[in-house]
Structure formats: structure tokens, C-alpha cells
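Peer 1: Input: one structure, supplied below.
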Amino acid sequence: MKIEGAKVFSVYGKGGIGKSTTSSNLSAAFSKLGKRVLQIGCDPKHDSTFTLTGQLQPTVIDILKSVDFHAEELRPEDFVTEGFNGVQCIEAGGPPAGTGCGGYVVGQTVKLLKQHHLLDDTDVVIFDVLGDVVCGGFAAPLQHADRAVIVTANDFDSIYAMNRIIAAVQAKSSNYKVRLAGCVANRSRETDEVDRFCETVGFKRIAHMPDFDAIRRSRLKKKTLFEMPDEDDIVMARKEYIRLAETLWAGTDPLAPQPLEDRDIFELLGFD
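As numbered in numbering that gives the first Met the number 0, the sequence shown has no gaps in its residue numbers, which increase by one up to the final residue, 271.
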């Protein structure tokens, strides 16, 4: 089941790095540019769209289970919630711990969207994917994406995870259209380590979100930055998200960085 007509982005990064916050604010930014946006959370804890909707919504897999997997009994409003500024929000969820595969959940979600023609009026689709890419299941959104965006911080562990994700995307790009767009340095005062890695492997930083407390507070208040008061830090962060959305919409060069071997990345960045 291919997604056609919309620009599709998959957001990856180390666990806890701020992928959901980045994805939700990026969705809000696209909506502010007048785009029709659909965000799909791909995490069992189903909190990707929390700041867009102000609530935890049920997952596609739980809803399918409630109708004994008879998808024809479902209506769009059963699994799609409208969030901030018209952003359509879906939580794909995931299989119970220790069973199943995340790839199945992504496949079922895209199948539902196609069956209900929910992609016909969509300009941008954002997949928010949990954690590091370590298996084919969690790499499944790459089969639909035009570009992959990696969220990182200016530290060894985050960049190490980014290196692994680059390798995964490069592997998928041999059979699918997905290419790397670049990385977002998140929650980082400096970007020197991220930039040094990018220069070494042939990658590119396309945004920088400093460690603003306002971003943390927005999540506690169940809001995107675009609904928060006009404080200096918030206004600055909003502008960066708008700039990132404009960059992605205009189209980024398809990057083909060469990931480092483990020994080489340790020698490049050293230990904390």
C-alpha cells in the first residue's frame, strides 16, 4: 500500500531525544503554512500527538482489536482525531510487549487510510517512529517516506544512534524511494559535535532547537509551541520550526552519507 500525492517524512532518533515534540511542532508549522497535515505516531505508548490533541487517543491496533479486526466496521472518526489547526492525528500503536512486529501495525494503519481515502486530501504525512532503528518492523515507515529526518543532540549516544539510523535508511534506499533529508540538533546549546560528525560522513544539519525550558513546559501543558504565550524563547523556536517546514516542503537534496564503523565513531567523538 503506497502513499501517493502527499510528501511523506519519517522522524527517527535515539529514545527520549524529543522526536514526538519535534514531529508535533513540525506538523503545526506545516499547518501554519497552509498545508493539510496528517501525523502518525508509531509507538505503543501512543503519545506522539499528545500536544496536538491535548489527550491520549486510542491506537489503531486497539480499535481494530475491538471489532475483531473487521476493518470494514470502522469509520474515520474511530481512529482519526483532529488536532491543533486542523492537523489530523493517528496513533498506530504497537503490538503487545514481546509479541508481533511494529511493521504490521504500520501496514494496517496505511491500509485503513487508503481504504477510507484519508490520504486524498493530505499534503504532508509525518511518521513519528520510536527509538533507534534496530529491526525491519520499525523501519517500515521508510517504505512510504520520501525523506527521513533524524533528531539528535550534541552528545555521543545521540550521534551514535544517528549513525545507526543512517545505515538503516541507506539500506532501505536501495529498494525504496526514501532518502535522508538531514538532522535536527535538539535540546542542545552547542552543535559542534553534531557538525563534526556530519562533516565526516557527508551529512547535514537542517535545524537547531536549543535547550529551551519553554519547549519542556509546552509538553506539560499539552500544547504545541504555536499555542503558547509569545515569550522570546517560544517565538524563536516557532520561527525555527517554520523554517524547517519550509525547507522540507521546498525539497532537500537526497543525502547519501557513509556511516562510520563503531571503532571509527568512538575515535571521532571519544567518550564522555
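We treat Cβ as the ideally placed atom computed from N, Cα and C, and that holds for glycine.
List the whole-angstrom C-beta distance separating LYS44 from ALA160, where the pair is believed to meet the contact cut-off of C-beta under 8 Å.
Peer 2: In the sequence shown, residue 44 corresponds to position 45, counting from 1. In the sequence shown, residue 160 corresponds to position 161, counting from 1. Not really, about 19 Å apart at Cβ, beyond 8 Å.
Peer 1: Under 8 Å by Cβ, that's how I've got PHE265 and LYS31 pegged, so tell me the actual separation to the nearest angstrom.
Peer 2: Numbered from its first residue, the sequence shown carries residue 265 at position 266. Numbered from its first residue, the sequence shown carries residue 31 at position 32. No, PHE265 and LYS31 are not in contact; Cβ-Cβ is about 41 Å, not under 8 Å.
Peer 1: Check the DSSP bridge columns for ASN185 and list the partner residues they point to.
Peer 2: Within the sequence shown, residue 185 is the residue found at index 186, counting from 1. For ASN185, which the question treats as bridged, DSSP gives the partners MET208.
Peer 1: How is the beta strand (DSSP E) around GLU90 delimited, first residue to last?
Peer 2: As a first step, residue 90 must be located in the sequence shown, where it is residue number 91. Unbroken beta strand (DSSP E) run through GLU90: 87 to 90.
Peer 1: If we count the other Cβ atoms within 10 Å of its Cβ and call it buried at 16 or more, is VAL66 buried or exposed?
Peer 2: Along the sequence shown, read from residue 1 onward, the residue named residue 66 stands at position 67. Flag for VAL66 reads exposed.
Peer 1: In the DSSP assignment, what are the bridge partners of SER9?
Peer 2: Looking up residue 9 in the sequence shown gives position 10. Paired residue(s): PHE126, ALA147.
Peer 1: In angstroms, rounded to a whole number, what distance separates the CA positions of VAL59 and ARG74?
Peer 2: Position 60 of the sequence shown holds residue 59. Position 75 of the sequence shown holds residue 74. Straight-line Cα distance between these residues: approximately 12 Å.
Peer 1: What did DSSP end up calling THR80 once you bin it into helix, strand or coil?
Peer 2: Here the question's residue 80 lines up with position 81 in the sequence shown. Correct three-state label for THR80: strand.
Peer 1: Cβ atoms of LYS221 and GLY40: under 8 Å apart, would you say?
Peer 2: Numbered from 1 along the sequence shown, position 41 holds the residue referred to as residue 40. Numbered from 1 along the sequence shown, position 222 holds the residue referred to as residue 221. Contact flag unset, no.
Peer 1: Please say whether VAL7 and HIS143 have beta carbons closer to each other than 8 Å?
Peer 2: The residue given as residue 143 occupies position 144 in the sequence shown. The residue given as residue 7 occupies position 8 in the sequence shown. Contact flag set, yes.
Peer 1: Identify the residues that DSSP records as bridge partners of ARG215: which are they?
Peer 2: As a position in the sequence shown, residue 215 is number 216, starting the count at 1. DSSP, once it has assigned bridges, lists no residue as partnering ARG215.
Peer 1: Tell me which residue opens and which closes the beta strand (DSSP E) that ILE39 is part of.
Peer 2: Locating residue 39 in the sequence shown gives position 40, where the first residue counts as 1. Residues 36 to 41.
Peer 1: Using DSSP bridges, identify the partner residues of ARG178.
Peer 2: Within the sequence shown, the letter at position 179 stands for residue 178. ARG178 pairs with ARG146.
Peer 1: I think VAL86 touches SER26, with their Cβ atoms under 8 Å apart; what is that distance to the nearest whole Å?
Peer 2: In the sequence shown, the residue the question calls residue 86 occupies position 87. In the sequence shown, the residue the question calls residue 26 occupies position 27. Contact holds; Cβ gap of about 5 Å.
Peer 1: Smallest Cα separation from ALA5: which of GLU189, GLY82, LYS113?
Peer 2: To locate residue 5, count along the sequence shown from 1; it is residue 6. Cα-wise, what sits closest to ALA5 is LYS113.
Peer 1: Can you find at least 3 beta carbon pairs, one from the stretch 252 to 261 and one from the stretch 160 to 171, that sit closer than 8 Å?
Peer 2: Counting Cβ pairs under 8 Å, three or more are found: they touch.
Peer 1: Where do the ends of the alpha helix (DSSP H) carrying MET235 lie?
Peer 2: As a working note, residue 235 is residue 236 in the sequence shown. That run of the alpha helix (DSSP H) goes 231 to 249.
Peer 1: From the DSSP secondary-structure annotation, give me the bridge partner or partners of LEU73.
Peer 2: As a working mapping, residue 73 is identified with position 74 in the sequence shown. None, per the DSSP bridge assignment.
Peer 1: How about PHE196 and GLY181: do their beta carbons lie closer than 8 Å?
Peer 2: One-based indexing of the sequence shown puts residue 196 at position 197. One-based indexing of the sequence shown puts residue 181 at position 182. Cβ distance not < 8 Å, so PHE196 and GLY181 don't count as in contact.
Peer 1: Sorted by chain position, which residues of the same chain lie with C-beta nearer than 8 Å to ARG218's C-beta, five sequence neighbours on each side aside?
Peer 2: Sequence index remark: in the sequence shown, residue 218 carries index 219 (1-based). These residues qualify, in order along the chain: THR20, PHE49, THR50.
Peer 1: Pull up the distance between the alpha-carbon of THR251 and that of ALA244, whole angstroms please.
Peer 2: For the purposes of this step, residue 251 is taken as the residue at position 252 of the sequence shown. For the purposes of this step, residue 244 is taken as the residue at position 245 of the sequence shown. If you take the alpha carbons of THR251 and ALA244, they lie about 11 Å apart.
Peer 1: Rank THR246, ASN185, GLN56 by C-alpha distance to the C-alpha of ASP154 and give the top, closest one.
Peer 2: Within the sequence shown, the letter at position 155 stands for residue 154. Ranking the options by Cα distance to ASP154, first place goes to ASN185.
Peer 1: How is LEU55 classed by DSSP in three states: helix, strand or coil?
Peer 2: Locating residue 55 in the sequence shown gives position 56, counting from the first residue. Correct three-state label for LEU55: coil.
Peer 1: Nearest-angstrom Cα distance between PHE83 and THR121?
Peer 2: On the sequence shown, residue 83 is found 84 positions in, with the first residue counted as 1. On the sequence shown, residue 121 is found 122 positions in, with the first residue counted as 1. PHE83 and THR121: Cα-Cα distance of roughly 15 Å.
Peer 1: Cβ of ILE233 versus every heavy atom of the ligand GDP: is any distance shorter than 7 Å?
Peer 2: Annotation note on the ligand GDP: not contained in the displayed structure, which lists no ligands.
Peer 1: Per the DSSP calculation, LEU254 is bridged to which residue(s)?
Peer 2: To locate residue 254, count along the sequence shown from 1; it is residue 255. LEU179, per the DSSP bridge assignment.
Peer 1: Helix, strand or coil: how does DSSP classify LEU141 here?
Peer 2: Your numbering for residue 141 matches position 142 in the sequence shown. Reduced to three states, the DSSP call for LEU141 is helix.
Peer 1: Our contact map puts VAL123 next to GLY17 with C-beta atoms below 8 Å; I'd like the distance itself, whole angstroms only.
Peer 2: Start at 1 with the first residue of the sequence shown, and residue 123 comes out as number 124. Start at 1 with the first residue of the sequence shown, and residue 17 comes out as number 18. Going by Cβ atoms, the distance from VAL123 to GLY17 rounds to 20 Å, so no, they are not a contact pair.
Peer 1: Skipping 5 residues on each side, what residues in its chain have a beta carbon closer than 8 Å to that of THR190?
Peer 2: In the sequence shown, counting from the first residue as 1, residue 190 sits at position 191. Once the five neighbours on either side are set aside, the close Cβ partners of THR190 are ASN153, ALA184, ARG204, HIS207.
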